[in-house]
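Residue numbering for the sequence shown follows my numbering, starting at 459 and increasing by one per position.
Ideal Cβ positions, reconstructed from N, Cα and C, are used throughout, including at glycine.
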Amino acid sequence: AILQFRELSFTWERPVPGSTIGNLELDILDDEVLCVAGPPGCGRTTLFRILAGLETPASGLIAVNGRAVGWGVPSRGFTFAENSLFPWLTVRQNVSLPHHLGGFRATDPWRVDALLGMVGLLEVARRLPRELAPPTRRLAELCRALVRDPILVLLDEPFHGLDFDDRQILADQLERVRGVCRKTFVLFTEDIAMAVQLADRVAIMSGRPAHITEAVPVPLRRPRRSCPPGEQADIVQHLLGLYESEPRTWAA
């Protein structure tokens, strides 16, 4: 495993004190797409924020390539569930932004354009976010997450606010990007069908205090849309069954 989390716990103090995550164990493998799935309120976004270094857990251990490190996964990029592009910056400027923060070296314009070209955004590089379709904005956010060449890419609710057709467009692009970049991706979503379409494994979160109840392999060939619908449906039904077997302790 490239990353290991052991006995991870986290407690919110506000607005109501309570344990969100309790003794969670998670292995993230090199060059895989892992989807962390669960219903609303189960703690997915809290786990995302911990892995992104935006929250500090109450206890637990993180190891990178078998070596214990402090909290905050090194070499990571991430996207949020809500649109996070700066509306007054062009697509190219948004993607370049991480290199202007935290004292990093100047942006390599060739790398930025290579990422934009990979997802078909070079033609809109000078446009503002409001001029883009929703899945195109998501792809621009993905390019920004990749611009520092991280080893780990975290995507919180990448399909949030997208209709069915836009979800398919984004899913196809994510699968293509993963094939080109060969990085480790972790997606956090409640959309089981999209998780099965993209993931090598789907990790199901329990009710609070949350832990991983099971990490289910998805042994389907790629691209997934070429697989018979019945093969994906069987795995989706199995995962939905894991939801139903859990006590109803998710937050409202």
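Three-way DSSP call (helix, strand, coil) for C639 in this model: Numbered from 1 along the sequence shown, position 181 holds the residue referred to as residue 639. The answer is helix: DSSP assigns C639 an H, G or I state.
Straight-line CA distance for I479 to E581? Translated into the one-based positions of the sequence shown, residue 479 becomes position 21. Translated into the one-based positions of the sequence shown, residue 581 becomes position 123. Those two C-alpha atoms are separated by around 43 Å.
What's the gap between the Cα of P556 and the Cα of D658? To locate residue 556, count along the sequence shown from 1; it is residue 98. To locate residue 658, count along the sequence shown from 1; it is residue 200. Spanning the two alpha carbons is a distance of roughly 29 Å.
In chain order, what are the residue ranges of uninterrupted beta strand (DSSP E) at least 3 long that sit wholly in the segment 502-563? You should have 517-522, 525-527, 534-537.
Chain-order list of residues whose beta-carbon lies under 7 Å from that of V694 (same chain, five-residue window excluded): In the sequence shown, residue 694 corresponds to position 236, counting from 1. Within its own chain, the residues whose Cβ lies closer than 7 Å to the Cβ of V694, once the five positions on either side in sequence are excluded, are I650, A651, V654, listed in chain order.
Buried versus exposed call for A691 [16 or more other C-beta atoms within 10 Å across all chains shown]: By 1-based counting over the sequence shown, the position of residue 691 is 233. Flag for A691 reads exposed.
Which of helix, strand or coil DSSP assigns to F617: For the purposes of this step, residue 617 is taken as residue 159 along the sequence shown, with counting starting at 1. Coil, per DSSP.
Is the beta carbon of I460 sitting closer than 8 Å to the one on T594? Translated into the one-based positions of the sequence shown, residue 460 becomes position 2. Translated into the one-based positions of the sequence shown, residue 594 becomes position 136. No, Cβ-Cβ distance for I460 and T594 is not below 8 Å.
With 16 other Cβ atoms within 10 Å as the buried cut-off, status of V638: Locating residue 638 in the sequence shown gives position 180, where the first residue counts as 1. So V638 ends up on the exposed side.
Mark R666 as exposed unless 16 or more other C-beta atoms lie within 10 angstroms of its C-beta, in which case mark it buried. Counted from its first residue, the sequence shown places residue 666 at position 208. R666 sits buried, since 16 or more C-beta atoms from the chains shown fall within 10 Å of its C-beta.
Going along the chain, which residues of its own chain have a beta-carbon closer than 7 Å to the beta-carbon of P681, five neighbours each way excluded? Here residue 681 corresponds to residue number 223 of the sequence shown, with the count starting at 1. If we look at P681 and ignore the five residues flanking it on each side, its Cβ neighbours are E633.
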